[in-house]
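Q: Provided herewith is a single structure, encoded as structure tokens, for subsequent inquiry.
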Amino acid sequence: MKDSFDLLLAGTGGQGILLTSRLLMGEAIARGVPVRGAETHGMAQRGGSVVAHVRFGPCESSMVLPLGAQLLVGVDATEALRNLRFLAAAGTVLVNTPPLAFDEPSVMYYLARIRAHVITMDALELARKKGYPRSVNMLMLGLAAALPQTPFTPQGLLEAIASEIRPRFRESARAALRLGATALASGLATRHPLPGVGADTP
Amino acid sequence: MERSNEVRTLALLGNEAMGRGLVEAGCHMALAYPGTPSSEVLPAVLRFAHQEAITMHIEWCANEKVAFEQALSASYCGLRTAVIMKQVGLNVAADPLLSAAYIGVTGGFVVIVADDPGPTSSQTEQDTRLFAHFAKVPVLDPSTPDEARNMVGIAFEISERHQLPVIIRSALRVCHGRQDIQLREPVPVPRKANFPREPSRWAATPRHRFQQHLALNRKLEAISREMERDTRLNHMLNAGASPEVGIVAGGVPFAVLMDLLRRHGLHESIPILKLGASFPFPAELLRDFLSAHRHILVLEETDQLVELLLDQRQAVSGRHDGTVPREGELDAAVVGGILSDFFLRHGIIGEPWNTGQEPAAPLASLELPTRPPTLCPGCPHRASFLAIRRVGGARGIYPSDIGCYTLGVNMGAVDTAHDMGASISMAAGFYHAHALDLAQGTRKPRQIPRILATIGDSTFYHAGLPALADAVYSDARFTLVILDNRVTAMTGMQPTLPSGDRVSGAVGRSISLQETCQGLGVRWIRTVDPDDVSSMIKTLRRAVAHNQAPEGGIAVVIARRPCVIHQPDSLEYKPVKVEPERCNLCGLCIDYFGCPAISAGEHAIVIDPAICVDCGQCVHACARKAIIPASDGGTRQGATTRRPEGRSA
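Chains as they are written, first to last, in our numbering: chain A, 35 to 236; chain B, 1052 to 1700.
Spelled out as structure tokens, the structure:
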């Protein structure tokens, strides 16, 4: 049983990265779990890189250590690659991408080297089909919440939505979160075996 | 006695936590000028004061010096006051700060200054702790948002006990770090403004200043003795655990250090002296710590202060001997490398730590697209720069200033971005430098380069006024374009003096740019809409002609159009279409105009309808008329849902 859990959300301006991190922190506070985090963005505008660090449990700094994130949520695939150095050994990376976009040899080599687990989901396509194209972040968050190792649950996040998200976005956020949480079971998301990595659950 | 067990906990940014701290400590007045990474403090003060039904005077001021002096005189009257700024803002407020140390304060006076190691959004990596040392005022250095909140109360306490300003130096990772913060009840500090007239103190002559300097040095000695004992600020961890090594750390590097030690199981075995207050220097504490350990490592940000103040450094590793880099942020990768080497050298560990650098090396070969900052789609500055560059040409000189519009550098229309207000004084300097050649007969009047300076409306009132008065007085000849978007956009949409909006929501007096420039002696002033690119070009040509006319002078062009992010509804609907057969993919609109919506297709440029806001500016960016107005009579497809900062769920 781990006493702390670090995760990184990586995306671009306009994808709701900071809102997603505030939702996670609000949910942690509701559970009484200590939580810290950091928001990093350049001179913010649409399309710029945005990274949110979220740290559950005892820690001191607001930022995740390199090789420290048990989970890396790549709401944007390029931004996930840019932040791979934060992913912990045997950690899991969730990527919003059509399958196989992550198969650069150097990336595969690195992921195998740190024994990472990769789960991909074409969240943008899915969100468009479902009619909430701006809820890609919530689809990815639902996918994360359904993993056994994450300290938060889809139910907890659904409850936190009311206090963290503005009314007119709440319904689509809830729908996307629910769909994301079932994506692995329903085959909408795919677990990728890596060379040298067992297909067992992390 | 019944006590409410309900504790309100919020995940607050460090800046919000300090804003909360000001309200909890009974602060009466908070003033600021916005600047990353400090801008979120003042809005948090406003929010918490409002929630707690506490009456305060809260305001964005014209600049940091003005804010400092207003808050200072309120402190003379006995009120608890605070002034908030980024680190380079303290350069602007340096003059009142140094005098305030001598003259002292009455009510608690706290200066919150946000440092930016890196730097990520500043001109310099200056260390405000060194500034405090130079100015002879105490400085506190928080490591976490909660500690920053708690230090606000301690700072007021020290300030009132010793009648000195106290600086809280908070660095980027504290300012923009988030932490669960248990809110405390604000402590009411009832005070009535009462100015104790005492000209020998407040208006001290140089002879009295000597006495004040003497008194200041005594205060600092007294505070230094307090710092030796105040374990809320400076304390030991794992005392006596190892005689071999000891680490002195403060600020953000302390937090990073603790996380790294925990990861490697050393968090209970390495002696640490945590410095929350490095000046006035707790010399005894340091001397004891140094004598108890054979090898000392100092981790401080951003420069050397502790290292410089140590009386002997033979056993000390840090910046002075190159163990710690002298520039850049001390993030976990850097600190991890330093600790690994230090522990390996002194036999604490047998193998170097895996700091993540080595396995990640193959990733460096990935050519990931960079995302350089650009002006937003529909930004009125882009239209202004299009016109400015067209009139100034390749030989023009383009002094600019600090704001979003510094990004005009991508359009070849910004040559300098030095410090707040420098566009105007540097334009005057460029003119006078070239005009010297006239006197020497080595240059004809027509050969003086066209000088077109740009400054934002907020920056103009910050530090542009004396520069413009001087330029008029000295008959400098240039065109000044005031980019009047009615808001301080880059730092998060704070109101400007011309907007007349006040942070409280009250309506202030709008200050007229036109009248200001007239009052400063400018005789040629025009106001244009930059989105009407053709008429802005015509106006700028006349302005340059006025610069060159023997009886002419400075010309001011006010380019007025609201920020497209702040007021998206102000945008006029001017859809465009691409005529592919006319496009030869010359790249003018992509590389030089630089709208994020435009990219190269296979045979012609393409405009991404998801990014385009139908501003129509790009029609003027194409030399081959390949982008033309589309008269489809349609309506805008909800520009408000396409705000660049994003509002998605």
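All residues carry an ideal CB built from backbone N, CA and C; glycine is no exception.
These figures come from a predicted structure and were not determined experimentally.
#1: Using 10 angstroms around the beta-carbon of residue 1187 of chain B, count the other beta-carbons present and answer buried if the total reaches 16, otherwise exposed.
#2: Please list the segments of the alpha helix (DSSP H) lying wholly inside the region 1324-1389 of chain B, counting only runs of 4 or more residues, in order along the chain.
#3: Would you call the CB atoms of residue 99 of chain A and residue 1310 of chain B closer than 7 Å?
#4: Taking 7 Å as the threshold (beta carbon to beta carbon), is residue 69 of chain A in contact with chain B?
#5: Would a check of beta-carbon distances place residue 1407 of chain B closer than 7 Å to chain A?
#6: With 7 Å as the C-beta to C-beta threshold (strictly closer), list the residues of the region 108-136 of chain A near chain B in chain order.
#7: Is any beta-carbon of chain C found at less than 7 Å from that of residue 1391 of chain B?
#8: Relative to the C-alpha of residue 1130 of chain B, which candidate in B:1077, B:1153, B:1197 and B:1097 has its C-alpha closest?
#9: Starting from the Cα of residue 1538 of chain B, find the closest Cα among B:1101, B:1531, B:1508 and B:1112 and give me that residue.
#10: Which of the three DSSP states is assigned to residue 1207 of chain B in this structure?
#11: Between the C-alpha atoms of residue 1042 of chain B and residue 1328 of chain B, what's the straight-line distance to the nearest angstrom?
#12: Starting from residue 1521 of chain B, trace the alpha helix (DSSP H) in both directions and tell me its first and last residue.
#13: Distance check for residue 1396 of chain B and residue 1271 of chain B, CA to CA, integer angstroms please.
#14: Suppose you measure from the CA of residue 1388 of chain B to the CA of residue 1416 of chain B; what does that come to, to the nearest Å?
#15: Does residue 1309 of chain B have its Cβ less than 7 Å from a Cβ in chain A?
#16: Taking residue 94 of chain A as the reference, which of B:1349, B:1098, B:1308 and B:1591 has the closest Cα?
#17: Between which two residues does the beta strand (DSSP E) containing residue 1220 of chain B stretch?
#18: For residue 1163 of chain B, report the span of its beta strand (DSSP E) as first-last.
#19: Need the endpoints of the alpha helix (DSSP H) that residue 1567 of chain B sits in, please.
#20: Within 10 angstroms of its Cβ, does residue 87 of chain A collect 16 or more other Cβ (buried), or is it exposed?
#21: Measure the CB-CB distance between residue 1097 of chain B and residue 1554 of chain B and report whether it falls below 7 Å.
#22: Checking contacts by CB at 7 Å: is residue 1227 of chain B closer than that to chain A?
#23: How about residue 1661 of chain B and residue 1644 of chain B: are their beta carbons less than 7 Å apart?
#24: With H, G and I counted as helix, E and B as strand and the rest as coil, what does DSSP make of residue 1295 of chain B?
#25: Taking 7 Å as the threshold (C-beta atoms), are residue 1246 of chain B and residue 1153 of chain B in contact?
#26: Bridge partners for residue 1080 of chain B per DSSP, in chain order?
#27: On the criterion of 16 or more Cβ atoms from any shown chain inside 10 Å, does residue 1599 of chain B qualify as buried, or is it exposed?
#28: What's the gap between the Cα of residue 89 of chain A and the Cα of residue 117 of chain A?
#29: Measuring CA to CA, which of A:97, A:124, A:111 and A:110 is closest to residue 104 of chain A?
#30: Can you tell which of B:1258, B:1296 and B:1333 has the C-alpha that lies nearest to the C-alpha of residue 1282 of chain B?
#31: With a threshold of 6 Å on Cβ separation, who are the neighbours of residue 131 of chain A within its own chain once the five nearest residues in sequence on each side are excluded?
#32: Leaving out five residues on either side along the sequence, give the residues of the same chain with a beta carbon under 8 Å from the beta carbon of residue 1686 of chain B.
#33: Would residue 1224 of chain B pass as an interface residue toward chain A - the criterion being a Cβ-Cβ separation below 7 Å?
#34: Give the straight-line distance between the Cα atoms of residue 1518 of chain B and residue 1110 of chain B, rounded to the nearest whole angstrom.
#35: DSSP beta-bridge partners for residue 223 of chain A?
#36: Give a yes or no on contact between the region 162-174 of chain A and the region 39-56 of chain A, applying the rule of three or more CB pairs nearer than 8 Å.
A: Put simply:
#1: buried
#2: 1334-1343 and 1357-1360
#3: yes
#4: yes
#5: yes
#6: 112, 115, 116, 118 and 119
#7: Checking the listed chains, one finds no chain C in this structure; the protein chains it contains are A and B.
#8: B:1077
#9: B:1508
#10: helix
#11: No information on residue 1042 of chain B is available, as it lies outside the stretch 1052 to 1700 that chain B covers here.
#12: 1516-1524
#13: 38 Å
#14: 22 Å
#15: yes
#16: B:1308
#17: 1217-1222
#18: 1160-1166
#19: 1564-1570
#20: buried
#21: yes
#22: yes
#23: no
#24: coil
#25: no
#26: B:1108 and B:1132
#27: exposed
#28: 16 Å
#29: A:124
#30: B:1333
#31: 111 and 154
#32: Confidence is the limiting factor: at residue 1686 of chain B the pLDDT is only 49, short of 50, which leaves the residue's position unreliable, though a coordinate-based value still follows. Cβ neighbours of residue 1686 of chain B beyond the five flanking positions: 1624.
#33: yes
#34: 25 Å
#35: A:155
#36: yes
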